[in-house]
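Its first residue numbered 313, the sequence shown is counted upward by one per residue in our numbering.
Each residue gets a CB set at the ideal place from its N, CA and C atoms; glycine is no exception.
The structure displayed is predicted, hence computed values, not measured ones.
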Amino acid sequence: MITKAAILVEQRQPLVVAEIEMPDHLEAGQVLVRVRCSGICGSQLGEIDGAKGPDKFLPHLLGHEGGGEVLAVGPSVRHVKPGDKVVLHWRKGPGIEAAPPAYRWNGQKLNAGWVTTFNQHAIVSENRVTLVPADTDLEIAALFGCAVTTGFGVVVNNAKLTIGESVVVFGAGGVGLNIVQAAAMVSGFPVIAVDRFDNRLDLARQLGATHTINASAVDAELAIRDILGPQGADVFIDNTGLPAIIQMGYGLTKPQGRVVLVGVPKKGANIEIHSLPLHFGKTISGSHGGEAVPELDIPRYLTLYREGRLRLKELISERVPLEGINEAIEGMRSGRITGRCMIEM
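As structure tokens, then:
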């Protein structure tokens, strides 16, 4: 079986869109999915840029949030069956964690992890797919693969934001916008969104930000202090992975404030903080996908969307075919793309 995919061949270079060869059978725990659409997450930009250092698995496939239909299942798969609509996600759910598939391209092995979504057909582990109702919009399903579950998990599980607590969300991309929406839903106040692009800040206001700051136009730290006063923020959430922003957030939070790191600094880009406040109640912690539990969170959030409580269509600001993926990635880097760009397969 032949399918088309976007391949990371060399770090810091455009992806190569080409036909690849699928394995001729499914192993135990593997699920064959026809991917209908996939979001592009900042994590993929980090992989392309080599944020974690040299990539020893090149060439390989990418993508970790998608919506699709199950075409076939391997031995021992029990949670999904052919014909099911599913969310593809990188957080582990129930079921088997199967061996990664062995694709081939140009006569060589093409690596892939337990889930990839920048391919028209994907072989994924059973524990990386979650069943959704047959009438689910697969664009919306794709958002539940990471953007929504991570954003809401950061607020509920990591920050543990409560009614009336102040929160600064630094970086209003696809995940950041969902953090803003979740913070507003739990009645955080004020909800301050910070970004370098006005189009993203405009959408942040629509999703519940009470204040917005363009960090390319003003001194963000001074602007945040003007809003919060000398007491500082209860919660500072960083989506940038920039040490200077993380250190700023640490200084801007209250003595018992929480700093949550969603963005990951590049390898070797360390932060410097005075640790004494950590002994008296301040915390700094990393988020791992908002600690989301796919089989529990996806149905809950999908219900909220169906009842009109979540605004998700507004997050999809551009749709491109697989062949346009490199232009979409550049649109994310430049800020031209406001929310999530959806790759339509």
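Through-space distance from residue j to residue i, alpha-carbon basis
{"i": "R537", "j": "T565", "result": "10 Å"}
{"i": "F509", "j": "C653", "result": "16 Å"}
{"i": "L590", "j": "L422", "result": "45 Å"}
{"i": "A521", "j": "N490", "result": "11 Å"}
{"i": "R416", "j": "H372", "result": "10 Å"}
{"i": "P611", "j": "Y617", "result": "10 Å"}
{"i": "V347", "j": "V328", "result": "18 Å"}
{"i": "F456", "j": "V389", "result": "22 Å"}
{"i": "L608", "j": "F430", "result": "25 Å"}
{"i": "V345", "j": "G593", "result": "46 Å"}
{"i": "E339", "j": "V436", "result": "10 Å"}
{"i": "C349", "j": "A384", "result": "18 Å"}
{"i": "E639", "j": "P406", "result": "36 Å"}
{"i": "S587", "j": "S478", "result": "23 Å"}
{"i": "E409", "j": "F464", "result": "25 Å"}
{"i": "K680", "j": "A556", "result": "Outside the shown range of the chain (313 to 657) lies residue 680, about which nothing can therefore be said."}
{"i": "G541", "j": "L534", "result": "10 Å"}
{"i": "D361", "j": "P326", "result": "10 Å"}
{"i": "G488", "j": "Y613", "result": "17 Å"}
{"i": "G647", "j": "L624", "result": "19 Å"}
{"i": "E438", "j": "K316", "result": "22 Å"}
{"i": "R631", "j": "P502", "result": "32 Å"}
Cut-off 6 Å between Cβ atoms - residues of its own chain near residue i, not counting five sequence neighbours on either side
{"i": "T595", "result": "R570"}
{"i": "P606", "result": "H401, R403, G405, T442"}
{"i": "G375", "result": "S350, T428, T429, F430"}
{"i": "V506", "result": "F482, I525, A527, A532"}
{"i": "G269", "result": "The displayed coordinates of the chain run from 313 to 657. Any statement about residue 269 would go beyond what the structure contains."}
{"i": "N511", "result": "T650"}
{"i": "G486", "result": "A459, G651, R652"}
{"i": "V498", "result": "L473"}
Outcome for residue i when other beta-carbon atoms lying within 10 angstroms are tallied against a minimum of 16
{"i": "M644", "result": "buried"}
{"i": "L320", "result": "buried"}
{"i": "I475", "result": "exposed"}
{"i": "R324", "result": "exposed"}
{"i": "G598", "result": "exposed"}
{"i": "T442", "result": "buried"}
{"i": "V492", "result": "buried"}
{"i": "E359", "result": "buried"}
{"i": "N582", "result": "exposed"}
{"i": "H523", "result": "buried"}
{"i": "E331", "result": "exposed"}
{"i": "P413", "result": "buried"}
{"i": "H600", "result": "exposed"}
{"i": "T428", "result": "buried"}
{"i": "Q678", "result": "What is shown of the chain runs 313 to 657, which leaves residue 678 out entirely."}
{"i": "G620", "result": "exposed"}
{"i": "T615", "result": "exposed"}
{"i": "K368", "result": "exposed"}
{"i": "E642", "result": "exposed"}
{"i": "G386", "result": "buried"}
{"i": "G395", "result": "exposed"}
{"i": "N418", "result": "exposed"}
Residues of its chain near residue i, where Cβ-Cβ distance is below 8 Å and the 5 sequence neighbours each way are ignored
{"i": "M313", "result": "E333, M334, D336, H433"}
{"i": "Q543", "result": "K566"}
{"i": "A529", "result": "none"}
{"i": "Q420", "result": "P371"}
{"i": "R626", "result": "First, the amino acid is wrong: residue 626 is Glu here, not Arg. Only L515, Q518, L519, G651 meet the Cβ criterion."}
{"i": "T448", "result": "G379, K397, L614"}
According to DSSP, residues forming a beta bridge with residue i
{"i": "C653", "result": "E630"}
{"i": "Y415", "result": "L422"}
{"i": "T595", "result": "R570"}
{"i": "Q480", "result": "Per the sequence shown, the amino acid found at residue 480 is Val instead of Gln. According to DSSP, V480 bridges with I504, F548."}
{"i": "E533", "result": "None, per the DSSP bridge assignment."}
{"i": "Q342", "result": "S437"}
{"i": "I332", "result": "T315"}
{"i": "K397", "result": "E381, V444"}
{"i": "T565", "result": "A545"}
{"i": "S499", "result": "According to DSSP, which records beta bridges pairwise, S499 is partnered with nothing at all."}
Beta-carbon proximity check, residue i vs residue j, cutoff 9 Å
{"i": "V547", "j": "G500", "result": "yes"}
{"i": "G483", "j": "V392", "result": "no"}
{"i": "Y562", "j": "I525", "result": "no"}
{"i": "A453", "j": "G354", "result": "no"}
{"i": "I558", "j": "I504", "result": "no"}
{"i": "E656", "j": "L634", "result": "yes"}
{"i": "A363", "j": "P577", "result": "yes"}
{"i": "L473", "j": "V467", "result": "yes"}
{"i": "L515", "j": "G365", "result": "no"}
{"i": "Q342", "j": "A411", "result": "yes"}
{"i": "A471", "j": "V572", "result": "yes"}
{"i": "I637", "j": "A318", "result": "yes"}
{"i": "A496", "j": "L513", "result": "no"}
Min CB distance residue i to chain C below 9 Å
{"i": "H591", "result": "Of the chains in the structure shown, none is chain C; there is only one protein chain."}
Contact set for residue i: own chain, Cβ-Cβ below 7 Å, skip 5 residues either direction
{"i": "E451", "result": "C349, G379, I628, M654"}
{"i": "R517", "result": "T524"}
{"i": "N469", "result": "G602, E603"}
{"i": "I352", "result": "A640, I641, M644, C653, I655"}
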